[in-house]
Amino acid sequence: MVRRPPGRGAMPADQNCGTEIKLNESLAAPLITATKQEYETKLAEQSAGYAKRQPALHDRADQLANVMQTSVRM
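Numbering (my numbering), first residue to last: 14 to 87.
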């Protein structure tokens with residue numbers, strides 16, 4: 014559980030008793046690094062997914078443009 018007291022960053026709380034645990038930089042650094050890596054991995058996966066779908070989307074857009082041009086000529 015993470016509590017956010019006014020004017021402070023997130024402070025984790027003990028899951029059993031709810032006591033807030035103050036993190037100094039040496040304790041927070043591994044958590045920050047792990048979180049950063051997790052989000053960078055998710056972003057890379059998302060970007061790869063977009064790149065994989067992009068050619069198909071461009072092809073579909075071209076098909077729709079051709080259909081619209083054909084229907085306007087009729």
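Think of the CB as a built atom: it goes at the ideal place given N, C-alpha and C, for glycine as much as any other residue.
Pairwise C-alpha distance: residue j and residue i
i: M81; j: A64; result: 26 Å
i: L40; j: D75; result: 53 Å
i: K35; j: M24; result: 6 Å
i: R86; j: R73; result: 20 Å
i: E38; j: K49; result: 15 Å
i: L44; j: Y52; result: 12 Å
i: T54; j: N29; result: 31 Å
i: S84; j: A47; result: 54 Å
i: L77; j: A57; result: 30 Å
i: L70; j: G31; result: 49 Å
Beta bridge counterpart(s) of residue i as assigned by DSSP
i: A61; result: None, per the DSSP bridge assignment.
i: E33; result: A26
Supposed contact pair residue j and residue i - C-beta distance, whole angstroms, cut 8 Å
i: E33; j: A42; result: Actually they do not touch by this definition, with Cβ atoms about 19 Å apart.
Buried versus exposed, by CB contacts within 10 Å (16 or more), residue i
i: P19; result: The pLDDT assigned to P19 is 49, lower than 50, so where the model puts this residue is not dependable, and the model offers no usable value.
Near the ligand ZN: residue i beta-carbon under 8 Å from a heavy atom
i: A47; result: The ligand ZN is absent from the structure shown, which contains no ligand whatsoever.
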